[in-house]
Amino acid sequence: MSETTVDLLVIGGGVNGAGIARDAAGRGLSVLLAEKGDLASATSSGSTKLFHGGLRYLEYGKVRLVRESLIEREVLLKAMPHISWPMRFVLPLHPDMRFEGGTPISRLLGVTMPWLRGRRPGWIIRLGLFLYDHLGGRKILPGTRRIDLRKDAAGDPLRPVMTRAFEYSDCWVDDARLVVLNARDAAARGADIRVRSEVTDARREGDLWRVSLRGPQGTMDVTARALVNAAGPWVGEVIRDVVHTESREGVTLVRGSHIIVPRLYDHDRAYFLQGSDGRIIFAIPYEGKFTLIGTTDAPHEDPSEPPRCSDEERDYLIAFANRYFAKEIRAEDVVWTYSGVRPLYDDGARSASAATRDYVLTLDAEGAPLLNVFGGKITTYRRLAEAALAKLTPHFPTAGGEWTAGVALPGGDFDLGDKGALIEELCGDYPFITGGWAGRLVRLYGREAWDMLGDATQREDLGKDFGATLTEAELRWMRDREYARTGEDALWRRSKLGLHMSAAQRAAVEAWFAD
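Shown next as structure tokens:
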């Protein structure tokens, strides 16, 4: 039995928990983050891999959320140029496009232009894209343009019924690595990051929290001056069963499922597809050889039930995509599926799609402070962390001020446009590495790729070769620097190399961790 005292104990190792831990540690607070599984093992590795303003949220009148997200989009892009990059999105105009019923815009048009009968006309999309281009003070990303699908390569994989489209900008991000890098940066600033460590009980003792923690080394007691509940889908369970308090706030759990299929087209743009039911999905180039299609919005009642893509969700995504793509997808084409549970703030919305993606922070300061985090999205995680610290710092008068804007995550201390030169430099310094391999390492580790490869002069210096360019040196880096403890951690969160490996190769990685 061991014991420690910290200023802040954060429950939950998703993007919100890791972001808050990083921000707090950088302000000089002592921080312990406890994650009962792996970092990003739930919602934060189950996203559509985008940080974006949320174009469709404009239909719900969420202008402030969209504006904040658009501003943050370029802040994040500068801070993590290795694990994120700009992407152009093609929005084809399909004759079956419809508004989702009940949105403010659909109700307004239903009254003023009833002849549209719920259709989403091209001019309203262009108006939305104009706002999208100008709400956030865009500086880096190019604006919207019209394209003729009969002449542009973006039209080649689509059904000929679509002849016009808009093309706009958003950004792709490696969501799980975003969490890991925030946790690593928090640790570099003094935070104690504990994975496979569950908070089993927390009780107030005067102005302190007495917290019980169960982890790989047994149990321990931690005394904390403040507690942050960033447990995502389990935020309600923590309130009820761990900290034994009450809250009028709650979350609606929504499962978002995705399918991965062999690459559907050759160019590097993504598609924003609108359905006859008013919903939208994305089709995104993924891991070089694949296309990612998602997401669904399905109720998920029990947070203890692991989210899985149901046959119904798979078939829905296939049918949706097949209305657009000329080459039909079949169920047997799906090579992988993944799902995440989004803990959306319960605002009383009538449907999962309509529930707000904004975050709500509540502070219980009756005694030692307790901050509960409801909702949120990847794009605004850093702003959420700043808002969380704004609520907590009155209890820590010596804490520093805001600092994270513009500060690079580990490995990201280079300009966005230098990624190609960085790949060439890595190939020059390590001639035995191919361009594709070097590109993968730079996209995962940025400038830290050199630290991971060390003084190797030949491939054999990196230890055992597990296939798909994964070596023992990289696994050691994931284990020793990035908190990976299993093959699943390494192959499906720290990387997506599981998609490129055989079952035997994946088993060998799992065995390496077991040894």
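Quick note on the working numbering: the sequence shown kicks off at -3 and runs consecutively.
Even glycine gets a Cβ: it sits at the ideal position worked out from N, Cα and C.
Item	Value
Endpoints, alpha helix (DSSP H) assigned at residue 18	11 to 22
Limits of the unbroken alpha helix (DSSP H) element including residue 270	Premise fails: residue 270 lies in the beta strand (DSSP E), 266 to 270, not in any alpha helix (DSSP H).
Contacts around residue -3, its chain only, beta-carbon distance under 6 Å, and the 5 residues preceding and following it disregarded	The pLDDT assigned to residue -3 is 40, lower than 50, so where the model puts this residue is not dependable; a value taken from the coordinates is nonetheless given after this. Closer than 6 Å at the Cβ level, and outside the excluded window around residue -3, lies no residue.
DSSP three-state assignment for residue -3, whether helix, strand or coil	Legend: pLDDT at residue -3 = 40, less than 50; position of this residue unreliable, no value from coordinates given.
Residue interval of the alpha helix (DSSP H) (run including residue 201)	Premise fails: residue 201 lies in the beta strand (DSSP E), 194 to 201, not in any alpha helix (DSSP H).
Span of the beta strand (DSSP E) around residue 67	Counting along the chain, residue 67 falls outside any beta strand (DSSP E), though it belongs to the alpha helix (DSSP H) covering 59 to 75.
Inter-residue Cα distance where the pair is residue 179 and residue 15	7 Å
Nearest to residue 388 (by Cα), restricted to the options 329, 55, 175 and 20	20
Cβ contact check for the segment 185 to 197 and the segment 165 to 173: 3 or more pairs under 8 Å	no
Element boundaries [beta strand (DSSP E), containing residue 81]	80 to 88
Span separating the alpha-carbon of residue 469 from that of residue 202	48 Å
Residue 47 vs residue 267 beta-carbon contact at 8 Å	no
Beta-carbon contacts of residue 463 that lie in its chain and below 6 Å, excluding the five residues immediately before and after	497 and 501
Where residue 518 falls: helix, strand or coil (DSSP)	Outside the displayed range of the chain (-3 to 511) lies residue 518, so it cannot be described from this structure.
Continuous alpha helix (DSSP H) stretch holding residue 254: start and end	Taken as a continuous stretch (DSSP letters only), residue 254 belongs to no alpha helix (DSSP H), being part of the beta strand (DSSP E) at 247 to 258.
The segment 250 to 264 contacting the segment 291 to 298, beta-carbon criterion three pairs below 8 Å	yes
Three-state class that DSSP yields for residue 341 in the structure shown	strand
The segment 277 to 289 touching the segment 209 to 229, judged by at least three CB pairs closer than 8 Å	no
Nearest-angstrom Cα separation, counted from residue 467 out to residue 4	37 Å
Beta-bridge partners of residue 461, as assigned by DSSP	467
DSSP state of residue 7 mapped onto helix, strand, coil	strand
Validate contact between the segment 398 to 410 and the segment 28 to 37 using beta carbons, cut 8 Å, 3 pairs	no
Local Cβ density within 10 Å of residue 425, reported as buried at 16 or more and exposed below that	exposed
Closest residue to residue 484 among 475, 427 and 506 (Cα-Cα distance)	506
Cβ contact (3+ pairs, closer than 8 Å) linking the segment 116 to 126 and the segment 56 to 65	no
Residue 474 (DSSP reduced to helix, strand or coil)	helix
Residue(s) in a DSSP beta bridge with residue 332	256
Rounded separation between residue 8 and residue 227 - CA only	4 Å
Residue from 382, 410 and 408 with nearest C-alpha to residue 397	382
7 Å CB neighbourhood of residue 125 in its chain, flanking five on each side removed	140, 162 and 164
Euclidean distance between Cα positions of residue 488 and residue 45	13 Å
Nearest neighbour of residue 431, chosen from 81, 465, 459 and 71 [CA to CA]	465
Same chain, Cβ closer than 6 Å to residue 32, neighbours up to 5 away in sequence not counted	194
Closest residue to residue 369 among 362, 375, 354 and 451 (Cα-Cα distance)	354
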